[in-house]
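**Q** Got a structure for you, questions after.
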Amino acid sequence: MEEGNKQPLKERDNSNSSTASDLNGFQQKIKNKTVLNLSKKGYNIIKICIFILAIGVLFMGKAFGVPKDDYPIIHDPVMYNWLSSMNQSVNDNHESAKGFQISSSLCMDLSFLFMYGYWVIRINTGRLLYATAFFYVLRNIVQNFVVFPFPEGFYWESPGFPSLTVPYGRSSDFFWSGHCGFLTLVSCEWFVNKKYYMFALTCLVNLYMAIVMIGFRIHYTIDVIIGVFMAHYCYMLFSKAAPYIDEFIKRIFNYAWNKLNDDNKKREDNNQKEEKNENGLSNNNLQQYSKQQQKVSCEENKL
């Protein structure tokens, strides 16, 4: 039995080593094919050609790629053309609007609860918290400088169903989208933790959320696009900074915890000393009282 078990292991080791050697050989072939055996002069000539091509593209972009159209309102073909029928429907039929609102808000709430529930149980870094906080602080700062007008057809009245994360009513916090930005942060965290099915599901939810946001005209298309890019940027930024912030917070917490324990210990020691002093005083009082009683009894006996 032992020899029978050893033989497949040997064959498996041999197959693994052969597979690794084949993979290394394949990578070497690809490397040999993709690397150009040029001299330094040849590389310089190629780079000069690329530089000239880049200058040509730059001049072409300046001449023909800069739009000169003038619109009285923000021009958004996705909002006013592609999703105009959806906006007309939700403004004419508020019952269908409630369905979109409740479903999208539930998606946001569940994404929040599942992500932060998983964070509490499994994740040992504050990366997502730091990125989310920075994203929304930066968003609030930008909104004080960039205020877009309300688009015609704006609708986001309360559907009569409460939401944990989504506010209802008329608000001008257009640039940039906090809904799609938050879902982008959540999808990045799922991807880093190798929960690819949750990553894919969150991306689909984000797409649905973008359609609802633009269809109800509570966000312009540029709000959604910039929200996604800014959220990804914030997440990548704090992916590198999170270990240092975690360590800093741990040191502050440990310092505060140790100081609190030291204060409690000093307080307990003082209480114990006071109790000992009180016990000592009470013992002395008892001794004095017993001596007095003895004197009184002696005097009575003499009498």
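Numbering-wise, the UniProt record's numbering puts 136 at position 136 of the sequence shown, and it's gapless, one number per residue. Cβ coordinates follow ideal geometry from the N, Cα and C atoms, glycine included. All of these numbers come straight from a predicted model, not from anything done at the bench.
Does the contact criterion of 3 or more C-beta pairs under 8 Å hold for the stretch 178-190 versus the stretch 209-224?
**A** Taking 8 Å as the limit for Cβ pairs, the verdict is that the stretch 209-224 does touch the stretch 178-190.
**Q** Would DSSP call Tyr220 helix, strand or coil?
**A** Position 220 of the sequence shown, counting from 1, holds the residue named residue 220. Residue state, collapsed to three classes: coil.
**Q** Measure the beta-carbon distance from Ala131 to Tyr235 and round it to whole angstroms, keeping in mind my assumption that it falls under 8 Å.
**A** Against the sequence shown, residue 131 aligns to sequence position 131. Against the sequence shown, residue 235 aligns to sequence position 235. The pair is a contact, with the Cβ atoms about 5 Å apart (cut-off 8 Å).
**Q** In the structure shown, what three-state DSSP assignment does Ser39 receive?
**A** Numbered from 1 along the sequence shown, position 39 holds the residue referred to as residue 39. Three-state result, Ser39: coil.
**Q** With 16 other CB atoms within 10 Å as the buried threshold, where does Arg122 fall?
**A** Translated into the one-based positions of the sequence shown, residue 122 becomes position 122. Exposed: under 16 other Cβ atoms inside 10 Å.
**Q** Under 8 Å: do the stretch 105-125 and the stretch 134-143 share three or more Cβ pairs, one atom per stretch?
**A** Because the criterion of three Cβ pairs below 8 Å is not met, the stretch 105-125 and the stretch 134-143 do not touch.
**Q** State yes or no: is the C-beta of Asn87 within less than 8 Å of the C-beta of Gly169?
**A** Against the sequence shown, residue 87 aligns to sequence position 87. Against the sequence shown, residue 169 aligns to sequence position 169. In this structure, Gly169 does not lie closer than 8 Å to Asn87 by Cβ.
**Q** Considering Lys98, what are the terminal residues of the alpha helix (DSSP H) in which it resides?
**A** Taking the sequence shown and counting its residues from 1, one reaches residue 98 at position 98. Segment His94 to Arg122, the alpha helix (DSSP H) holding Lys98.
**Q** So, Ile74 versus Pro159, is the Cβ gap smaller than 8 Å?
**A** Counting from one through the sequence shown, the residue named residue 74 turns up at place 74. Counting from one through the sequence shown, the residue named residue 159 turns up at place 159. Contact: no.
**Q** From the DSSP output, in three-state form, read off Trp156 for me.
**A** On the sequence shown, position 156 is the one that residue 156 refers to. Looking at Trp156 - three-state DSSP - the assignment turns out to be coil, as it is neither helix nor strand.
**Q** Kindly indicate which residue of Ser187, Leu201 and Gly215 has the alpha-carbon position closest to the one of Phe100.
**A** Indexing the sequence shown from 1 puts residue 100 at position 100. Of the listed residues, the one whose Cα sits closest to Phe100 is Gly215.
**Q** Could you tell me the alpha carbon to alpha carbon distance between Ala241 and Arg251, rounded to whole angstroms?
**A** Within the sequence shown, residue 241 is the residue found at index 241, counting from 1. Within the sequence shown, residue 251 is the residue found at index 251, counting from 1. Straight-line Cα distance between these residues: approximately 16 Å.
**Q** One question on the structure: do Phe112 and Leu164 come within less than 8 Å of each other, judged by their Cβ atoms?
**A** Taking the first residue of the sequence shown as position 1, residue 112 is located at position 112. Taking the first residue of the sequence shown as position 1, residue 164 is located at position 164. Against a cut-off of 8 Å, the Cβ pair of Leu164 and Phe112 comes out as a contact.
**Q** What is the rounded straight-line gap between the Cα of Met1 and the Cα of Tyr196?
**A** On the sequence shown, residue 1 is found 1 positions in, with the first residue counted as 1. On the sequence shown, residue 196 is found 196 positions in, with the first residue counted as 1. With a pLDDT of only 42 at Met1, under 50, the local geometry of the prediction cannot be trusted, and no value is derived from it.
**Q** Which residue from Lys194, Ala231 and Trp190 puts its Cα closest to that of Trp176?
**A** If you number the sequence shown from 1, residue 176 lands on position 176. Taking only the C-alpha atoms, the option nearest Trp176 is Ala231.
**Q** Determine whether the beta carbon atoms of Arg127 and Ser239 lie at a separation below 8 Å.
**A** As a first step, residue 127 must be located in the sequence shown, where it is residue number 127. As a first step, residue 239 must be located in the sequence shown, where it is residue number 239. The answer is yes: Cβ separation under 8 Å.
**Q** When the distance is taken between beta carbons, is Pro151 closer than 8 Å to residue 368?
**A** This structure cannot settle anything about residue 368, because the visible part of the chain is limited to 1 through 303.
**Q** By the 10 Å Cβ neighbour count, where 16 or more other Cβ atoms means buried, how is His219 classified, buried or exposed?
**A** The count along the sequence shown starts at 1 and reaches residue 219 at position 219. Answer is buried; the Cβ neighbour count reaches 16.
**Q** So for Ile211, helix, strand or coil by DSSP?
**A** On the sequence shown, residue 211 is found 211 positions in, with the first residue counted as 1. In the structure shown, Ile211 sits in a helix (DSSP, three-state: H, G or I).
**Q** Relative to the C-alpha of Trp82, which candidate in Ile211, Ile50, Ile52 and Gly117 has its C-alpha closest?
**A** Position 82 of the sequence shown, counted from the first residue, corresponds to residue 82. Nearest C-alpha to Trp82: Ile211.
**Q** Measure how close the beta-carbons of Thr202 and Val186 come, nearest whole angstrom, since I'm counting them as under 8 Å.
**A** Residue 202 sits at position 202 when you count from the first residue of the sequence shown. Residue 186 sits at position 186 when you count from the first residue of the sequence shown. Between Val186 and Thr202 the Cβ distance is about 5 Å, and since that is below 8 Å, they are a contact.
**Q** Give the straight-line distance between the Cα atoms of Lys68 and Pro162, rounded to the nearest whole angstrom.
**A** For the purposes of this step, residue 68 is identified with residue 68 of the sequence shown, where counting begins at 1. For the purposes of this step, residue 162 is identified with residue 162 of the sequence shown, where counting begins at 1. Near 45 Å, if we compare the C-alpha coordinates of Pro162 and Lys68.
**Q** Tell me the DSSP secondary structure of Asn271 in three-state form.
**A** Numbered from its first residue, the sequence shown carries residue 271 at position 271. Asn271: helix per DSSP, three-state reduction.
**Q** On the premise that Ser96 lies in contact with Val90, defined as a C-beta separation below 8 Å, what is that separation, rounded to the nearest angstrom?
**A** By one-based count along the sequence shown, residue 90 stands at place 90. By one-based count along the sequence shown, residue 96 stands at place 96. Between Ser96 and Val90 the Cβ distance is about 6 Å, and since that is below 8 Å, they are a contact.
**Q** Which residue's Cα is closest to the Cα of Met115: Leu207, Met198 and Asp263?
**A** To locate residue 115, count along the sequence shown from 1; it is residue 115. For the residues Leu207, Met198 and Asp263, the minimum Cα distance to Met115 belongs to Met198.
**Q** Buried or exposed for Asn124, going by 16 or more other Cβ atoms inside 10 Å?
**A** Within the sequence shown, the letter at position 124 stands for residue 124. Its Cβ having fewer than 16 others within 10 Å, Asn124 is exposed.
**Q** Candidates Trp190, His94 and Phe51: which alpha carbon is nearest Trp119's?
**A** Mapped onto the sequence shown, residue 119 falls at position 119. Checked all of Trp190, His94 and Phe51; the closest Cα to Trp119 is Trp190.
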